[in-house]
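**Student:**
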Ligand SMILES: [Zn+2]
Ligand SMILES: [Zn+2]
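Numbering (the working numbering), first residue to last: 1 to 402.
1) Just confirm the distance between the C-beta atoms of residue 330 and residue 179, as a whole number of angstroms; I'd bet it's less than 8 Å.
2) Identify the continuous beta strand (DSSP E) that holds residue 403 and give its terminal residues.
3) Is residue 187 closer than 8 Å to residue 275 when the C-beta atoms are compared?
4) So, are the CB atoms of residue 177 and residue 75 less than 8 Å apart?
5) What's the C-alpha gap between residue 236 and residue 122?
6) Does the beta-carbon distance from residue 240 to residue 221 come in below 8 Å?
7) List the residues that DSSP assigns as beta-bridge partners of residue 189.
8) Which residues have a Cβ closer than 6 Å to any heavy atom of ligand 1, listed in chain order?
9) According to DSSP, is residue 183 part of a helix, a strand, or is it coil?
10) Whole-angstrom Cβ separation of residue 350 and residue 305, contact assumed at under 8 Å?
11) Pick out whichever of 22, 141, 382 has its Cα sitting closest to the Cα of residue 368.
12) Determine the direct distance from the alpha carbon of residue 388 to that of residue 326, and round the result to whole angstroms.
13) Taking Cβ positions, are residue 336 and residue 300 nearer each other than 8 Å?
14) Does the region 338 to 349 come into contact with the region 306 to 324, if we say contact requires no fewer than three beta-carbon pairs (one atom in each stretch) closer than 8 Å?
15) Does any C-beta atom of chain C lie closer than 8 Å to the C-beta of residue 324?
16) I think residue 115 touches residue 390, with their Cβ atoms under 8 Å apart; what is that distance to the nearest whole Å?
17) Rounded to the nearest angstrom, how far is the Cβ of residue 238 from that of residue 256, given a contact under 8 Å?
18) Using a Cβ-Cβ cut-off of 6 Å (strictly less than) and excluding sequence neighbours within five positions of residue 137, which residues of its own chain qualify?
19) Leaving aside the five residues before and after residue 7 along the sequence, list all residues of the same chain whose C-beta is less than 6 Å from its C-beta, in chain order.
20) Can you tell me the Cα-Cα spacing of residue 140 and residue 297, whole angstroms?
21) Rounded to a whole number of angstroms, what is the C-alpha to C-alpha distance between residue 36 and residue 59?
22) Are there 16 or more other CB atoms within 10 angstroms of the CB of residue 394, so buried, or fewer, so exposed?
23) Take the Cβ of residue 142 as the centre, count every other Cβ of all protein chains shown within 10 Å, and call the residue buried at 16 or more, exposed below.
24) Between which two residues does the alpha helix (DSSP H) containing residue 386 stretch?
25) Is it buried or exposed, residue 167, if we count other Cβ atoms within 10 angstroms and call 16 or more buried?
26) Are the CB atoms of residue 39 and residue 384 nearer to each other than 8 Å?
27) Excluding five sequence neighbours on each side, which residues of the same chain lie with their C-beta closer than 6 Å to the C-beta of residue 65?
28) Beta strand (DSSP E) containing residue 120: first to last residue?
29) Between residue 135 and residue 57, what straight-line distance do the alpha-carbon atoms span, to the nearest angstrom?
30) Could you give the first and the last residue of the continuous alpha helix (DSSP H) run that contains residue 227?
31) Taking the alpha carbon of residue 229 as the reference point, which residue from 63, 328, 280 has its own alpha carbon closest?
32) Could you check where the alpha helix (DSSP H) with residue 342 kicks off and where it finishes?
33) Leaving out five residues before and five after residue 361 in sequence, what residues of the same chain have Cβ atoms less than 8 Å from its Cβ?
34) Looking at the unbroken alpha helix (DSSP H) that takes in residue 20, where does it start and where does it end?
35) Taking only runs that begin and end inside the region 129 to 177, name each unbroken alpha helix (DSSP H) of 4 or more residues, in chain order.
36) Would residue 111 and residue 233 qualify as a contact pair, given that the criterion is a beta-carbon distance under 8 Å?
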């Protein structure tokens, strides 16, 4: 087992350079051509010769074989895409591309997995193989990059038996990790309701079926689905976020569009939300003799950590930073993460890594904290040497630090 000191020095300097280069050159969605080229060239320069590019357009999977003999293959995943945000971090390595910014730290995730790749390719002290998964389009609506990579068959093609992911966490101290067994991040569904009434002059409301008033009743009605109809021990969020009506003072429009998002930690509650939002909207509209059109889209499922994967992740992180710096009962977040698709395909776990007191992710002033790099790299290396250890996992205890 290796302490964080093993990942400082030249490796930290080099990965910091890579991270800042990626930060200056953000790309969006599936259009990560420069980023994918950068990653591929680096992987090849580490002596990794099994590299497959062009998966889900710009995704990459590379295999490193250990020198410890036969064994399973585990997948380590980093996302590579940026966000359509104008950067305001005022760092010297700020985005050179106006309107695009690495505001979720995927530049750091990519640099950490590259750092681990370089280290593992030179040491190879594990059995089996490591599949390095570099994913595009984490931030997009369906179908996102993780789903497409799974659909394009990476789990079977590379024989991946377990899969692991990591995300930086602003507000958590550098050198700390957080994880929990079971659901760790929420699902994300989106809905649209079109209220169809009958428009007319605003001075003659009695000749119309006013969809603005009906929409207002629907929005209020939806507030009771969580407060009155959901088991208080369960987590469900229903937020109306968009509203589109007429643009004039004196017109009652024909229709009003309402849209919103649903977050939860249990797939049963997604069914509940879909059914009940539709029923509430329809019932209210019918009372006013209006109609509705309802659409419900499931965007990202709940991210559910598996027990064995969680235990392995906790052990690897504790081997790196000691037991006190790993919170294995982290409070879940209702944000969504498309790594959930990989955890639906294979068992494994998703962990959070402290990013220190930075702005929150998706904020224009956010920047990945380079001090976190050796911790992220060290976690990946310890995880590989724990899961694919040439000794049985039970023999490896914290304190077994070289
Ligand atoms: Zn994000
Ligand atoms: Zn992210």
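The beta-carbon is built from N, C-alpha and C at its ideal position, and this holds for glycine as well.
All values reported here derive from a predicted model rather than from experimental measurement.
**Tutor:** Based on what the coordinates show:
1) 6 Å
2) Lying outside 1 to 402, the shown extent of the chain, residue 403 is not represented and no answer is given.
3) no
4) no
5) 47 Å
6) no
7) 262, 298
8) 104, 139, 361, 362
9) strand
10) 6 Å
11) 22
12) 21 Å
13) yes
14) yes
15) Absence of chain C from the displayed structure is noted, only one protein chain being present.
16) Residue 115 to residue 390, Cβ: 23 Å. No contact.
17) That pair is no contact at about 18 Å.
18) 29, 30, 81, 144, 145
19) 374, 377, 378
20) 14 Å
21) 7 Å
22) Any reading at residue 394 must be qualified, since the residue scores a pLDDT of 43, below 50, and its modelled position is unreliable; the value itself is stated next. By the neighbour-count rule (16 or more Cβ atoms within 10 Å), residue 394 is not buried but exposed.
23) exposed
24) 373 to 387
25) buried
26) no
27) 129
28) Note, residue 120: premise wrong, no beta strand (DSSP E); alpha helix (DSSP H) at 106 to 123.
29) 10 Å
30) 211 to 229
31) 280
32) 340 to 345
33) 103, 104, 105, 168, 170
34) 10 to 24
35) 145 to 151, 154 to 157
36) no
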